[in-house]
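Asks: Pasting in a structure now, in structure tokens, and then I'll have a few things to ask.
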């Protein structure tokens, strides 16, 4: 058995999409392309004459500016969100590579990777074999890409997405196990996951009392650029999911079971799904007490756990434009 676990899926893609130009209301030389259900991208109209397919590179991607496709981005290799003449442009659209077909993922062939921000606190540490049982790595897709998995008007559960580092905690064979998204860490109070656990004793108490449940959470504070009002070296935990054996627990039941746990802020308990209105919920200030900055975004899930053939578990994220537009 390996000491790390492979991610369940890759949520970072560069997909080949159809390109239909719409006039930009404030710029004669620009057009707007709508991608999937939730992205808009501004392009120079003359660059797309006679072209019907593009490779869409989402925000928080990193491109290789030594390649001819991206040479114009030298010094600005991280793809961001920006406003162009009053219209939000999310990511980058380039002509599809020769031979690429609609729906292909060309991230690898274009050398596009996902941006991983540096973390000032230690996230290293020795790994150890995982505990027995099913404790998968946590990956979720973008709702902007897969909005079709929700029905119009379907009541959805919306929570704030906290910007930190993913964590897993469980009790097995008489002791605590502490993990990052893909690894299980040997006990060491110098690394952030164990440090956060020590600062949040109710996590260990809950796990010991519920050895059949894995706690999924975000460790936050001085581990990313959003600090949420924490002091130097002060790390906190915000729980976002509970897994009982191999089943995710419905969100309301999870909070009832874990009533003493520190949860991510709940924004809406039964919000009628409307894509435009849900996208608005990703914007605005963080609801974490003491935070004085923008929220990173939101996580949206149904009131009753279910799966969908396109995404597996129906649990999707939206990273807010306000967060992505920061310098």
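Numbering (the numbering used here), first residue to last: 1 to 327. Built from N, CA and C at the ideal position, the CB exists for glycine as well.
Using CA atoms only, rank isn't needed, just tell me which of 218, 232, 292 and 259 is closest to residue 299.
Replies: In the chain shown, residue 299 corresponds to position 299, counting from 1. Cα-wise, what sits closest to residue 299 is 218.
Asks: Are the stretch 21-40 and the stretch 88-106 touching, with three or more C-beta to C-beta distances below 8 angstroms?
Replies: As far as the Cβ criterion goes, the stretch 21-40 touches the stretch 88-106, which means the pair count is three or higher.
Asks: In the stretch 5-58, which residue ranges form an unbroken beta strand (DSSP E) of at least 3 residues, counting only runs that do not cross its ends?
Replies: Runs found: 15-18, 30-35, 39-44 and 53-57.
Asks: Opposite residue 240 in the DSSP bridges: which residues?
Replies: Translated into the one-based positions of the chain shown, residue 240 becomes position 240. Paired residues: none, contrary to the question.
Asks: Run through the stretch 69-115 for me and flag every whole alpha helix (DSSP H) of 4 or more residues, listed as ranges in chain order.
Replies: Taking only runs of at least 4 residues, the alpha helix (DSSP H) segments lying wholly in the stretch 69-115 are 107-110.
Asks: Give the straight-line distance between the Cα atoms of residue 391 and residue 178, rounded to the nearest whole angstrom.
Replies: Missing from the structure shown is residue 391; the chain here goes from 1 to 327 and no further.
Asks: Threshold first: 3 residues or longer. Then list the beta strand (DSSP E) segments lying entirely within the stretch 255-297, N to C.
Replies: As far as the stretch 255-297 is concerned, its whole beta strand (DSSP E) runs of at least 3 residues are 266-272.
Asks: What's the C-alpha gap between residue 59 and residue 33?
Replies: The residue given as residue 59 occupies position 59 in the chain shown. The residue given as residue 33 occupies position 33 in the chain shown. Residue 59 and residue 33: Cα-Cα distance of roughly 15 angstroms.
Asks: Going by DSSP in three states, residue 179 sits in which element: helix, strand or coil?
Replies: Taking the chain shown and counting its residues from 1, the one referred to as residue 179 is at position 179. Strand at residue 179.
Asks: Looking at C-alpha atoms only, which residue of 325, 53, 128 and 282 is the closest neighbour of residue 188?
Replies: Here residue 188 corresponds to residue number 188 of the chain shown, with the count starting at 1. It is 128 whose Cα lies nearest to the Cα of residue 188.
Asks: If you draw a straight line from the C-alpha of residue 222 to the C-alpha of residue 290, how long is it?
Replies: In the chain shown, the residue the question calls residue 222 occupies position 222. In the chain shown, the residue the question calls residue 290 occupies position 290. Using only the alpha carbons, I get a separation of about 14 angstroms.
Asks: Pop quiz: residue 216 and residue 241 are said to be a contact at Cβ under 8 angstroms. What is the actual Cβ separation, rounded to whole angstroms?
Replies: Mapped onto the chain shown, residue 216 falls at position 216. Mapped onto the chain shown, residue 241 falls at position 241. That belief holds up - the Cβ atoms of residue 216 and residue 241 are roughly 4 angstroms apart, short of 8 angstroms.
Asks: Counting pairs of Cβ atoms below 8 angstroms between the stretch 146-164 and the stretch 199-206, do you hit three or more?
Replies: Counting Cβ pairs under 8 angstroms, fewer than three are found: no touch.
Asks: Examine the Cβ distances between the stretch 228-235 and the stretch 268-282 and report whether three or more of them are shorter than 8 angstroms.
Replies: The stretch 228-235 is not in contact with the stretch 268-282.
Asks: List the whole-angstrom C-beta distance separating residue 312 from residue 295, where the pair is believed to meet the contact cut-off of C-beta under 8 angstroms.
Replies: Looking up residue 312 in the chain shown gives position 312. Looking up residue 295 in the chain shown gives position 295. Not really, about 26 angstroms apart at Cβ, beyond 8 angstroms.
Asks: Under the rule that 16 or more other beta-carbon atoms within 10 Å means buried, what is residue 78, buried or exposed?
Replies: Start at 1 with the first residue of the chain shown, and residue 78 comes out as number 78. With fewer than 16 Cβ atoms within 10 Å of its Cβ, residue 78 is classed as exposed.
Asks: With DSSP collapsed to three states, give me the class of residue 320.
Replies: Along the chain shown, one-based indexing puts residue 320 at 320. Looking at residue 320 - three-state DSSP - the assignment turns out to be coil, as it is neither helix nor strand.
Asks: With H, G and I counted as helix, E and B as strand and the rest as coil, what does DSSP make of residue 144?
Replies: Walking along the chain shown from the start, residue 144 turns up at place 144. Coil.
Asks: Using only alpha-carbon positions, find the residue among 46, 69 and 49 that is nearest to residue 55.
Replies: Position 55 of the chain shown, counted from the start, is the residue given in the question as residue 55. Residue 69 is the option with its Cα nearest to residue 55.
Asks: Please tell me whether residue 53 and residue 16 are closer than 8 angstroms, where the distance is taken between their beta carbons.
Replies: Counted from its first residue, the chain shown places residue 53 at position 53. Counted from its first residue, the chain shown places residue 16 at position 16. Their beta carbons are under 8 angstroms apart, which means residue 53 touches residue 16 by this criterion.
Asks: Using a Cβ-Cβ cutoff of less than 8 angstroms, which residues in the same chain neighbour residue 174 once the five nearest sequence positions on both sides are dropped?
Replies: Taking the chain shown and counting its residues from 1, the one referred to as residue 174 is at position 174. Closer than 8 angstroms at the Cβ level, and outside the excluded window around residue 174, lies no residue.
Asks: Taking the beta carbon of residue 169 as the centre, do at least 16 other beta carbons fall within 10 Å, making it buried, or is it exposed?
Replies: As a first step, residue 169 is located in the chain shown; it is residue number 169 there, counting from the start. Looking at its Cβ environment, which holds 16 or more other Cβ atoms inside 10 Å, residue 169 is buried.
Asks: Based on Cα-Cα distance, which residue from 171, 44 and 80 lies nearest to residue 245?
Replies: Mapped onto the chain shown, residue 245 falls at position 245. Selected option, being the one with the closest Cα: 171.
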